[in-house]
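K.L.:
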Amino acid sequence: MSTSGENKNQPTRKRPLTEIDRPTEIMCTVVAIDHTNLCYRVCSVCERTLPENSAVCCRHCNFSNSFNPSSSGSKRLFRVLMSIATDTKVFVVIMFDRAARVLFGCSADEFFNFAKTHPFAATTACKALEGEMLTVTLSKPKNGNAQHLRVISVVPMRTGFEPAIETLRELYRVRRVS
Ligand SMILES: [Zn+2]
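Take a look at the structure:
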């Protein structure tokens, strides 16, 4: 987690999308999910963000895998932009790993590996989640510069809701058989 002090200077803080001061629970429908950028790489020790396309391991905690370059010094976490509709408006929220796992049904690493062998998995997963009714708890980001409300918990409303990875597995299993 980043602990950079970006809060210090905020002379003209933008008006938030909605006036939410405390975590607020709302019912909403998933309008769309940005499938192009579902997860990011972090150091597996301290969870600081690492550059996407590099073999560099974390400089901060000096985690070194130079003796065994193939061992994983990094892992992936979900960071998902999702636009949701309430009865009055449509807006974009950001959902991090813990909440996103509820909708995707697996870890970001598992999803990433699945998507490597199934090129349209990310698009399909996001399409599959569109229209789902959710109860989400939203909070204002602690970082005053962040532009989206943050989903701190999510509960699917539909009986028989399937996480995206289950939908994908079924879809690809069916295709393989036929
Ligand atoms: Zn680290």
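The numbering of the sequence shown is full-length UniProt numbering, which starts it at 1 and goes up by one. Note that the Cβ used here is the ideal one computed from N, Cα and C, for glycine as well. Please read these numbers as outputs of a predicted model, since none were measured by experiment.
Does DSSP classify A32 as helix, strand or coil?
P.N.:
strand
K.L.:
V45: beta carbon under 6 Å from a heavy atom of ligand 1?
P.N.:
yes
K.L.:
Looking only at its chain, what residues have a beta carbon closer than 6 Å to the beta carbon of T137, apart from the 5 residues adjacent to it on each side?
P.N.:
P23, E25, I152 and S153
K.L.:
Who pairs with A85 in a beta bridge, going by DSSP?
P.N.:
T29 and V90
K.L.:
Could you spell out the range, first to last residue, of the beta strand (DSSP E) harbouring T137?
P.N.:
M133 to S139
K.L.:
Give the DSSP bridge partners of C39, in chain order.
P.N.:
F78
K.L.:
Would the C-beta of R48 count as close to ligand 1, meaning under 6 Å from any of its heavy atoms?
P.N.:
yes
K.L.:
Report the partner residues of F96 according to the DSSP bridge assignment.
P.N.:
R79
K.L.:
For ligand 1, is there a heavy atom less than 6 Å away from the beta-carbon of H60?
P.N.:
Flag set: Cβ of H60 near ligand 1.
K.L.:
Based on DSSP bridge pairs, tell me the residues matched to P156.
P.N.:
L134
K.L.:
From H118 to I165, what distance separates their C-alpha atoms?
P.N.:
12 Å
K.L.:
Per DSSP, T49 is paired with what?
P.N.:
Bridge partners of T49: V42.
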